[in-house]
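Participant: Numbering of the sequence shown is given in the working numbering, commencing with residue 450 and proceeding in unit increments.
To start, I am sharing the structure in question, which I have written as structure tokens.
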Amino acid sequence: SALILLCYTFWFALSLLIPDGQLVHNIRFRSLTIITIAVLGIQLVYGAFMAGMKAAMRAPTWPDINGMYFPDTLATDSWVNHPLNIHFVHRMLAYILFTLVMFWFVAARKAAIQFRSAYLKKVAWWPFGLVWLQVLLGIITVLSAPSIVFGKFGTFEMLAELHQLVAMFLLMSLMVGVYMARPSKS
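Shown next as structure tokens:
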């Protein structure tokens, strides 16, 4: 609920900062943005599962998960309670989200040109850069999981917190896109 409040507050700020002349009334771009945000929302839930279950410690390898690309537990155990399955879903969603943001970036640049929105042309780079950073942070965080020392705040914890912070920035950067692709008032 804190992220929803953050997005609501940010939406209000955007209404004060972005002039109507910079909006792009493109339903396809808006739909892609909403789909991307929805996938990110699911990803954030699985990220919370990862953190809560300390699932990174169960599979501190990449690109595989302890030597497997598909854990043996996928067919037999819960996708919301088993650490390896949560890890698998979180990684797969990351790959899907990365791909969606790449498509989103291309669509945003096209919409910016079509509607002559210099603002969208600039802010399209935000999700692009943040998703690259997020993937790198995710990989580095998982690989640093063996360094966890319970009761101490170390490298893993710092990277994990940064990974969560960048996820919030990614959400907010996509909120700019959905704000700018609002349907016209007429």
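Note that the Cβ used here is the ideal one computed from N, Cα and C, for glycine as well.
Only a predicted model underlies this, so the values are computations on that prediction, with no experimental measurement involved.
Looking at C-alpha atoms only, which residue of A556, S450, I467, I453 is the closest neighbour of V625?
Facilitator: That would be I467, whose Cα lies nearest to the Cα of V625.
Participant: Is it the case that the Cβ atoms of A616 and Q583 are separated by a distance below 8 Å?
Facilitator: Yes; because the gap between Cβ atoms is below 8 Å, this pair is in contact.
Participant: From L523 to S622, what does the alpha carbon distance come to, in whole angstroms?
Facilitator: The alpha-carbon atoms of L523 and S622 are separated by roughly 33 Å.
Participant: Looking at A500 and A573, is the spacing between their C-beta atoms short of 8 Å?
Facilitator: Contact flag unset, no.
Participant: My output table needs one value for I514: the three-state DSSP class, helix, strand or coil.
Facilitator: Here I514 sits in strand by DSSP.
Participant: For N534, report the span of its alpha helix (DSSP H) as first-last.
Facilitator: 532 to 563 is the extent of the alpha helix (DSSP H) around N534.
Participant: Quick one, are the C-beta atoms of P520 and F537 less than 8 Å apart?
Facilitator: In contact: P520 and F537 (Cβ atoms closer than 8 Å).
Participant: Name the residue from L454, L549, A508 whose alpha carbon lies nearest to the alpha carbon of I483.
Facilitator: Per the Cα distances, L549.
Participant: Taking DSSP as the reference, what is the three-state secondary structure of F599?
Facilitator: Three-state result, F599: coil.
Participant: Identify which residue in K559, R540, F498 has its Cα closest to the Cα of L530.
Facilitator: For the sequence presented, residue 530 should be read as Asn rather than Leu. Of K559, R540, F498, the residue nearest in Cα terms is F498.
Participant: Let me make sure I understand the geometry here. Which of I486, L454, H474 has the alpha-carbon closest to that of L620?
Facilitator: It is I486.
Participant: Quick one: what does DSSP say F519 is sitting in, helix, strand or coil?
Facilitator: DSSP places F519 in coil when its eight states are reduced to three.
Participant: Using a Cβ-Cβ cutoff of less than 8 Å, which residues in the same chain neighbour N534 once the five nearest sequence positions on both sides are dropped?
Facilitator: Once the five neighbours on either side are set aside, the close Cβ partners of N534 are P520, T522, L523, D526, S527, W528.
Participant: Could you tell me if Y544 is buried or exposed, where buried requires 16 or more neighbouring beta carbons within 10 angstroms of its beta carbon?
Facilitator: That one is exposed.
Participant: Terminal residues of the continuous alpha helix (DSSP H) containing I467?
Facilitator: Premise fails: I467 is in no alpha helix (DSSP H) and is neither H nor E.
Participant: Determine the DSSP secondary structure at A504, reduced to helix, strand or coil.
Facilitator: A504: helix per DSSP, three-state reduction.
Participant: Counting along the chain, where does the alpha helix (DSSP H) carrying A616 start and finish?
Facilitator: Where A616 is concerned, the enclosing alpha helix (DSSP H) stretches over 604 to 629.
Participant: For the pair the stretch 450 to 460 and the stretch 588 to 604, tell me if three or more CB-CB distances fall below 8 Å.
Facilitator: No, they do not touch.
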